[in-house]
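Just so we're aligned, residue 2 is where the sequence shown starts under the numbering used here, counting upward by one.
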Amino acid sequence: MPSLRRFLELVVVGIVVCGVNGGSDGLEVAVARRQLHQPAATLCFAWVSSSSPPPPSFDLGSIDHKSEETTPRPKLKPLHWDKVRASSDRVMVWDQLKSSSFQVNEEMIETLFICNPANSAPPKEPATRRPVLPTPKTDNKVLDPKKSQNIAILLRALNVSKEQVCDALCEGNTENFGAELLETLLKMAPTKEEEIKLREFKEETSPIKLGPAEKFLKAVLDIPFAFKRVDAMLYIANFESEVNYLKKSFETLETACDELRNSRLFLKLLEAVLKTGNRMNVGTNRGDAHAFKLDTLLKLVDVKGTDGKTTLLHFVVQEIIRTEGSHLSASNQSTPRTQANPLRDELECKKLGLQVVAGLGNELSNVKKAAAMDSDVLSSYVSKLAGGIEKITEVLRLNEEVKSREDAWRFHDSMQKFLKRADDDIIRVQAQESVALSLVKEITEYFHGDSAKEEAHPFRIFMVVRDFLSVLDQVCKEVGRINDRTIASSVRHFPVPVNPMMPQLFPRIHALRAGISDDESSATSASSP
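If you want it as structure tokens, here you go:
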């Protein structure tokens, strides 16, 4: 606790310098200090009320009273704190303080914390009268300054004039304006209060001038139901892309169902897993199974062999690549089988089969795409697409009320033309959605039977197959490395025989080697008894 004790000594000594003489009700600090050269100097405090009798005299040693009385210390800024009463029945940290361990630097503390009297303040220079600028009143501003600045920035980024925007809104023309521009315009929509101020603003009689943002919005608001037009035109601009997205999504779902139903290799893999699982479950209530949920495919890697490395999926893959490789090898007569190295032929056969099994992910590519979809999101997109037609019908109804305008007929024709085409597209998309969801339900029942009703997510079957394909791809890579090491080992033990009909590249070297071998054999026979 040396640091704490040192800090408390500093605080206590600060009392001496920053003591408060508080008038009749204040507290007086009686300080007695021994000379600095004496060891074990002591520091005493006596808190005395002005109404109490004077404190008893203390024998403080040789203290220079005269010097303290003749040179009064300057008054410093007070330190406001909460005092703690001393207790005689317990030991406190304050009892451990040593007054000699810290000395106050009088010169420094007086320089930093001296209390300047009021009359010693430097004379104030007469302040020069500055012209007072009128404070801008927010009531005189049509738009909030920050909003006005943001709109001005957006207008510069769009690089279009207010005349071009107004002409497009009047005609309902979305060909020259993309969805991004219309979205930006929609963000500029004023509040009801701002709209009233802009409509009622008269530049001829008003003392304030409109900025670029206010002028632009005022010009747009002169068009009837301007921002309802913008919203409807934004729907039209996005309509084709959203329809294409939904069509492509439903086509992917239909193709994914066909891939799962018609994949010969996936069906063979399920057969291998079923037979292997029944063999492993002999004698249990899990044996003699006729089908299993596809979630089981994800559990194959959890069943490990006695070596702690080989999993049940490794075993199934090895068995399938052996049969698939044999089938390919039998059908491919261009690769002759060598009788000298049957092990090498078997490994090459497995290599062919491994290529087939590893290609299952590409064969079920649309299944992986379908796994990334969300049925609720797709349904909400279809509902949003169909509900957007109400925006078109609303602006057409509002346009009927202002048919006296010259441009009202052009806007009406543009909206009606889109409405006829959009109705047909929406009907087709809704029909395609119904077919796709029906196929997904059928394929789920095709694999899971009645338990398909328990599926919380309609597309979960695709998610399970996608995850399994990821695990299968990793296992195929591991099996391929194992087979490559086995092939390399077989090459060392069974070298490839040389064809005797092929000419020798270096006949003299072969002749020398033959002569050396003959000499060695003759020498060996001569030395033998």
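All C-beta atoms in this analysis are idealised placements derived from N, C-alpha and C, irrespective of residue type, glycine included.
Which listed residue (the options) has its alpha carbon closest to that of residue i
i    : options                   : result
T487 : E347, I444 and V304       : E347
L532 : F202, I154, S149 and I237 : For residue 532 there is no data in the structure shown, the boundaries of the chain being 2 and 530.
E204 : K216, E194 and E196       : K216
S242 : L329, D426 and R287       : D426
K193 : A180, G179 and F226       : F226
S264 : N286, R429, N363 and A214 : N363
D485 : E176, T256, T175 and L355 : L355
G179 : D168, L235 and P213       : L235
G255 : V466, K478 and S439       : The question names Gly, but residue 255 in the sequence shown is Glu. That would be S439, whose Cα lies nearest to the Cα of E255.
W410 : N174, S435, Q165 and T277 : N174
Cutoff 8 Å; reference residue i; Cβ partners in own chain excluding five residues on either side
i    : result
P191 : L144, L199, L218 and L222
H458 : S376 and M464
Q150 : A214
A153 : G212, P213 and A214
Cutoff 7 Å; reference residue i; Cβ partners in own chain excluding five residues on either side
i    : result
V304 : T312 and L313
K188 : none
D289 : N279
T185 : L155 and L159
V302 : T312, L314 and V472
A423 : F240 and I390
Q319 : V480
E195 : V143 and L144
Beta carbon of residue i nearer than 8 Å to that of residue j
i    : j    : result
P460 : A387 : Before going on, a small fix: residue 460 reads as Phe here, not Pro. No, these two residues do not count as a Cβ contact at 8 Å.
L536 : V231 : The shown model of the chain, from 2 to 530, leaves out residue 536, and the question about it has no answer.
A373 : F251 : no
Q433 : K248 : yes
V441 : V383 : no
L271 : V357 : no
H413 : L397 : yes
I428 : I444 : no
L365 : V466 : yes
E395 : K229 : yes
I224 : C167 : yes
Presumed contact (8 Å Cβ cut-off) between residue i and residue j, rounded CB distance
i    : j    : result
K269 : H449 : In fact, because the Cβ distance is near 19 Å, the residues do not count as touching under 8 Å.
D468 : L299 : 6 Å
K148 : A220 : That pair is no contact at about 17 Å.
A273 : V244 : Between V244 and A273 the Cβ distance is about 43 Å, and since that is not below 8 Å, they are no contact.
E176 : D408 : Going by Cβ atoms, the distance from E176 to D408 rounds to 16 Å, so no, they are not a contact pair.
N367 : T297 : In fact, because the Cβ distance is near 23 Å, the residues do not count as touching under 8 Å.
L470 : K369 : 7 Å
Contacts around residue i, its chain only, beta-carbon distance under 6 Å, and the 5 residues preceding and following it disregarded
i    : result
I393 : A233, M416 and L420
N282 : G288
A359 : C477
E69  : Caution is warranted here: a pLDDT of 46 is assigned to E69, below 50, making its placement in the model unreliable, and no coordinate value can be reported.
A292 : none
is_contact[residue i, chain B] using C-beta, thresh 8 Å
i    : result
N286 : Looking for chain B here will not work: only one protein chain is present.
Exercise. Does the count of Cβ pairs from the stretch 317–331 and the stretch 350–361 closer than 8 Å reach three?
Worked result: yes
(request) Determine contact between the stretch 400–415 and the stretch 243–262, defined as no fewer than three beta-carbon pairs at a distance below 8 Å. (result) no
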